[in-house]
Every structure is written in C-alpha cells, then in structure tokens.
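**Student:**
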Amino acid sequence: MTDPSPILSLTVPQLLRRRAEEGRTGIALSAHALGGWRDRLTYGQLVQRMDAVAAGFAALGLGEGDRIGVLLGNEAGRECLLTALGALRIGAAVVPFNTRASDEELGHALALAEPAAVACTAAGAARLARLSPAVRLLVVGEGAPAGTQTWPEPLMSWFGAAPPEVPDPDRLGCLLFTSGTTARSKAVMHSHTTMLGAGLACGAALGLRADDLYQGGWPFFTSSPLNLGAMSCWIAGAGLVLEEPLDNRGRLRLIASERTTYYHGVPSVVHFMMEEFARAPTDVSSLRRVGYGGSAMPPEVIRRLAAQWPHVAQVQIYGMTESGPSGTRLEPAMMEEKIGSIGSAMPHCAVSIIDEAGRALGPGETGEILLRGPGVAKGYFRNPDATAEAFVLGGIRTGDVGHLDAEGFLYFTDRRKDVINRGGLKVASVAVEEVLYRHPSVREAAVIAVPHQALGEDVAACVVPREPGGVDTEALAAFCAERLADYARPRRWLILDELPKNPMGKVLKTELRARFAASTRT
683 MTDPSPILSL
693 TVPQLLRRRA
703 EEGRTGIALS
713 AHALGGWRDR
723 LTYGQLVQRM
733 DAVAAGFAAL
743 GLGEGDRIGV
753 LLGNEAGREC
763 LLTALGALRI
773 GAAVVPFNTR
783 ASDEELGHAL
793 ALAEPAAVAC
803 TAAGAARLAR
813 LSPAVRLLVV
823 GEGAPAGTQT
833 WPEPLMSWFG
843 AAPPEVPDPD
853 RLGCLLFTSG
863 TTARSKAVMH
873 SHTTMLGAGL
883 ACGAALGLRA
893 DDLYQGGWPF
903 FTSSPLNLGA
913 MSCWIAGAGL
923 VLEEPLDNRG
933 RLRLIASERT
943 TYYHGVPSVV
953 HFMMEEFARA
963 PTDVSSLRRV
973 GYGGSAMPPE
983 VIRRLAAQWP
993 HVAQVQIYGM
1003 TESGPSGTRL
1013 EPAMMEEKIG
1023 SIGSAMPHCA
1033 VSIIDEAGRA
1043 LGPGETGEIL
1053 LRGPGVAKGY
1063 FRNPDATAEA
1073 FVLGGIRTGD
1083 VGHLDAEGFL
1093 YFTDRRKDVI
1103 NRGGLKVASV
1113 AVEEVLYRHP
1123 SVREAAVIAV
1133 PHQALGEDVA
1143 ACVVPREPGG
1153 VDTEALAAFC
1163 AERLADYARP
1173 RRWLILDELP
1183 KNPMGKVLKT
1193 ELRARFAAST
1203 RT
C-alpha cells in the first residue's frame, strides 16, 4: 500500500466493519475464553460481538471519552479483545493492566488511568476492590462478589442496539503502560490512527497476507496483542490466533490444530519452541514464516531455525510501545547477509541516528536511535514533561544506541536507558533499585542485566549492606516479591562492600557486570 491515508482515516470499528462487508469468510480471531473453550470468529461474527459488548457497555452507562480497563490474562484472551473492541466502538479507550504487577505497581496504574470500569475475574475483583475501592468492576465468568457488575457477555444477554458510531480517528484508543527508566510506569497514548498506523507498518514489514493465520503468545497488557497482532492482521484481512498461557509443547500443538501459517514471539519463546520440537517433533507443515522481536535473536538460533524448519522464512522486527511497536524489519532475503542487524525501516517508517542535541548522524556513526512513522504514539498520558523529552523531531527517542550502515540497516549497540530485557518483558533497573533501597538492611543497591541462556537477560542485584554480613538475600527476595512484578524480581545477587563509582559519583555498572561475571566463574 503506497498511500496509507485510506486506512489511517478510519477508526478500528470502521476497519472491521469494512472487512465484514467484503464478505470475508475466514477467521478474524481465534482466542481462548475464560470458560475454557476457544472462540473462532469470522469478521462478520467479530463485528456482531463488538456491537453487542458496546451495547452492554452503553447500558451500564459507559460511553464516549471513558477509559475501560482490562485486568485479565490470556486465558481470557477472547474477553480481553472483545472488551477492547466494545470500548473502541463506544468512543472509549481501552487500558490493559499488567496482571503480573505487584499491588504497588497496579495501584499506581489505576490512580494514573482512572478507569471508569475494569473488566476482571472474581479473583481480580477482590484485588481491585482493595487497591481502588471506588472503581466499577465488571466481572467475567462466575462468582462475582457483591457490589460488582457482570461483564456484558455477548452470547448470553440482549442489550439492544449499540449507540451510533462517532468516527474520530484521532480519539484516544488505548493506554499502554511501559516501564521505561523511572520507578513509576508511564502510560503511552495511542489514537485509532496510531493503532492502525502501527498495524499498517508492522503488517507490511512482516509480509502478512489475507490467507494467513498469525499466532502469538504475548500477554495482553503489552502492545503486541492489540497494536501489533490484531491491527496487523485486520488491516491485511488475516486472522489472529491469540495464545492462552501454554508451555512450549502446547504452542506447537496449537500451531498444528489451528493450522497456523505465521508464528510470532519474542526470541526466548522461539528458542524454547525449537528445543521442544527437537525433543518431540510436531506437525508444523502449515507454517510459512516465523517472526521475532522484542530482544536480540542469537545468530546461532537463527541458523538452527533455518536448518530445523527449512520451509519456514524468518523475519525480525524492532520497535517499542511508543512507536506502536513499528520500527525496523530484517526480511528473509537479508537474514543471512545482514545477520546481526535489526533491519531497515519498515514501510511508511523512517529510522535515524541522532546525537544528544538531536543532530542527525551519518552512516557508521553511533548515537541514539530515533523512530518515525504512523504508529508513533501521541505522548504519555498526564506527563507533559516526559512527552516533551521523548517525542521529538516528529518521532520517538528510543533510548537505544546504535548505528546505520551505508545501506540503511540498523545495528543495535547498547541501551542508553538502563532497561533490562527479560525474555521480551522490559524491567526498569531504577524501579527495582527503588524497592531494594526501602529494605532496612540495604545501604546501596544497583541493578544490572546479566546474561541468561534462554531469556537473553536476567535481573541481578548488587547490594551493599548497612552492616557487614547484614543482608539475607532470601529475605530481600521475599521483600521484592511483595512489591515487584514476578519477572522484575532479582534472581541473582552480589553482595559488595561498596559500589564502584566514577569521580562524579555515578555507579559504574559496566564494572559491576564484569565483577558479576567474575563471581560466577569462581
């Protein structure tokens, strides 16, 4: 598509209605329901479900300008996506909350977003009522506690007609939380236009076709299920197969049962799947492509995948929540020639390298990666200072450092923002440090990324005790477990007499990584 404006002038509900009117009979969505079954919907059926949930929301008094939260895992992937579509249909925005967040993190997110209602399970309702007593709770499934309301299940009730659509592509469509480098997460604002812009760029970069069934297992609270998966598929006229929580054998079985043609996951997931397949091969003859992104894919895994599944092409993409996650892609034809690169700009996008002053740098020069494109978000919700700092020059400063070669291919060098990438889930080191500093036995703390064979990076804490021998790492681990998401908790520990620092007092994390590596060899 050379001119993106026909797509970018639509809202998400308008896009789905257009696909349904085209008479497409293939699957638009295959997702696991909380009740234990998998719902497979054509475009026409998906539009009907969207309108029914929208009518239910309207009957509950929800409407234009509201923010509707979702605290559901992928075991309720159907309800997650139908909640999102129902919200978009009535002119509201969807706000996925991190189901793996600590109470403190979730409480902050609730206070920032101020949702008009939150879709949740009965267990989630008890937690939400404790953290935010005033929030309205829409319970999916059975066992709704007193004082809550029932989520508008489109198959069980009749709510009348959905309210008239008020098409406004610039309206807020979703808030997506990202950790960044601060102790408090930020909420990224995406409009219908930037959601579809991300799908337009990512879908073209991935090479999605109308006959594809595109499977991914990303948690709903990330940008991948909605902006990457759903928008890319629905712009292409393809079908999204959203995984429920599965082990690697289960992922392979779902590929076989759904006849998935395109699998996409973070590198660690693809790596685990390859290992499982080697132990017990499964029918993957339907696959034509595998995509990955979110962290670096080791070259040896790229070559192993090519050898093990020679009929499957590979695509690597790079982006971030703030960019949609549109950005760059490394296509199958360039996978071997440019191995080690994270690709060139996606269609409709641009990538450049800038210095601290925002000046563009030339090929081979190292600086910060700046992404531009139709998927770049509108900014951070209720955070104008952070918005002004990051959203510049018509794009988003990624906080990542790299360089472009003479042909425009991007090479990732380092991370300007001190963020740990644990299996595709981003962990702000300063957020973990802030928790460690609260423990009475800790005088100083620095959190670093250390290599992990399967996940790419893991969280390591370097701690200086207040008193010699005064740190119990098991107690610290338990302390962190109460205050951090499970993937953000330190798994590795190094106890030091002092943290290495430069003359300006800045902690030398490069030296800490070297010390940690040395400690693991002894």
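All letters in the sequence shown, in the order written, are residues 683 to 1204 by our numbering.
We treat Cβ as the ideally placed atom computed from N, Cα and C, and that holds for glycine.
Assuming Tyr1119 is part of the beta strand (DSSP E), what are its boundary residues?
**Tutor:** Careful: Tyr1119 lies outside any beta strand (DSSP E) and carries neither H nor E.
**Student:** Skipping 5 residues on each side, what residues in its chain have a beta carbon closer than 8 Å to that of Leu1194?
**Tutor:** Correct list, in chain order: Ala1128, Ile1130, Cys1144, Leu1176, Leu1181 and Pro1182.
**Student:** For Pro1045, which residues in the same chain have their Cβ closer than 7 Å to its Cβ, ignoring the five residues on either side in sequence?
**Tutor:** The answer, listed in chain order, is Leu1086, Asp1087 and Ala1088.
**Student:** Whole angstroms are fine: how far does the CA of Met979 sit from the CA of Ala1136?
**Tutor:** Taking the straight line from one Cα to the other gives about 10 Å.
**Student:** Can you tell which of Ile1078, Leu1052, Asn930 and Pro949 has its C-alpha closest to the C-alpha of Leu1092?
**Tutor:** Here the closest residue by C-alpha is Leu1052.
**Student:** What is the rounded straight-line gap between the Cα of Gly755 and the Cα of Gly1090?
**Tutor:** In a straight line, the C-alpha of Gly755 is about 39 Å away from that of Gly1090.
**Student:** Quick check: the Cα distance between Leu857 and Gln696, rounded to an integer number of angstroms?
**Tutor:** Roughly 20 Å separates the two Cα atoms.
**Student:** Trp1175 lies in the beta strand (DSSP E); which residues open and close that run?
**Tutor:** Segment Arg1174 to Ile1177, the beta strand (DSSP E) holding Trp1175.
**Student:** Tell me which same chain residues have a C-beta within less than 6 Å of the C-beta of Thr876, skipping the five on either side of it?
**Tutor:** Cβ within range, chain order: Gly1057 and Ala1059.
**Student:** For Cys802, write down the residues that DSSP places opposite it in a beta bridge.
**Tutor:** DSSP lists Leu753 and Val821 as partners of Cys802.
**Student:** Sort out for me which residues DSSP pairs Asp721 with in a bridge.
**Tutor:** For Asp721, which the question treats as bridged, DSSP gives the partners Ala713.
**Student:** Consult DSSP for Arg1195 and reduce its assignment to one of helix, strand or coil.
**Tutor:** In this structure, Arg1195 counts as helix in the three-state DSSP scheme.
**Student:** Going by CA-CA distance only, name the one from Asp965, Asp929 and Gly932 that's closest to Arg941.
**Tutor:** The shortest C-alpha separation from Arg941 is found at Asp965.
**Student:** Could you pull the DSSP bridge partners for Gly898 from this structure?
**Tutor:** Answer by DSSP bridge pairing, in chain order: Leu924 and His946.
**Student:** Can you list, in chain order, the residues of its chain with a C-beta nearer than 7 Å to that of Phe1161? Leave out the 5 residues immediately preceding and following it.
**Tutor:** Closer than 7 Å at the Cβ level, and outside the excluded window around Phe1161, lie His1121.
**Student:** Locate the alpha helix (DSSP H) running through Ala1159, then write down its first and last residues.
**Tutor:** Start and end: Thr1155 to Ala1163.
**Student:** Would the beta-carbon of Gln831 fall within 8 Å of that of Arg818?
**Tutor:** Their beta carbons are under 8 Å apart, which means Gln831 touches Arg818 by this criterion.
**Student:** Tell me the DSSP bridge mates of Gln1135?
**Tutor:** For Gln1135, which the question treats as bridged, DSSP gives no partner whatsoever.
**Student:** In the DSSP assignment, what residue or residues form a beta bridge with Asn1103?
**Tutor:** Answer is Lys1108, bridged to Asn1103.
**Student:** By the 10 Å Cβ neighbour count, where 16 or more other Cβ atoms means buried, how is Met838 classified, buried or exposed?
**Tutor:** Exposed, because fewer than 16 other Cβ atoms sit within 10 Å of the Cβ of Met838.
**Student:** Considering only DSSP beta bridges, list what Glu1126 is partnered with.
**Tutor:** DSSP output for Glu1126 lists Val1146 as bridge partner(s).
**Student:** Is Val848 buried or exposed, if buried means 16 or more other CB atoms sit within 10 Å of its CB?
**Tutor:** Val848 is exposed by the Cβ-count criterion.
**Student:** Is the separation between the beta-carbon of Gly879 and that of Gly1009 shorter than 8 Å?
**Tutor:** No. Outside cutoff.
**Student:** Give every residue of the same chain whose Cβ lies closer than 6 Å to the Cβ of Gly976, excluding the five residues on either side of it in the sequence, and list them in chain order.
**Tutor:** Excluding positions up to five away in sequence, the list reads Val948 and Gly1106.
**Student:** Grab the span of the beta strand (DSSP E) containing His1030 for me, first residue to last.
**Tutor:** From DSSP, His1030 is part of no beta strand (DSSP E); its letter is neither H nor E.
**Student:** Out of curiosity, what's the CA-to-CA distance linking Val1074 and Ala826?
**Tutor:** So the alpha carbons of these two residues sit roughly 46 Å apart.
**Student:** Under the assumption that Ala844 contacts Ala769 (Cβ atoms under 8 Å), give the Cβ distance between them as a whole number of angstroms.
**Tutor:** Rounded, the Cβ-Cβ distance is 12 Å, inconsistent with contact.
**Student:** Terminal residues of the continuous beta strand (DSSP E) containing Ser873?
**Tutor:** Unbroken beta strand (DSSP E) run through Ser873: Lys868 to Ser873.
**Student:** Could you give the uninterrupted runs of the beta strand (DSSP E) lying entirely in the segment 972-1004, keeping only those of 3 residues or more?
**Tutor:** Complete beta strand (DSSP E) runs here, min 3: 995-1001.
**Student:** Any idea what DSSP makes of Leu698, helix, strand or coil?
**Tutor:** Note: Leu698 maps to helix in three-state DSSP.
**Student:** Can you find the residues in the same chain that come closer than 8 Å, C-beta to C-beta, to Thr863, ignoring five residues on each side of it along the sequence?
**Tutor:** Confidence at Thr863 is low in this model, with a pLDDT of 40, below 50, so the placement of that residue should be treated as unreliable; the coordinate-derived value is given next. Here the set comprises Gly1081, Lys1099, Asp1100, Val1101, Ala1110, Ser1111 and Val1112.
**Student:** From the DSSP output, in three-state form, read off Glu1050 for me.
**Tutor:** Reduced to three states, the DSSP call for Glu1050 is strand.
**Student:** Roughly how many angstroms lie between the CA atoms of Ser691 and Gly911, to the nearest whole one?
**Tutor:** Answer to the nearest angstrom: the Cα atoms are 20 Å apart.
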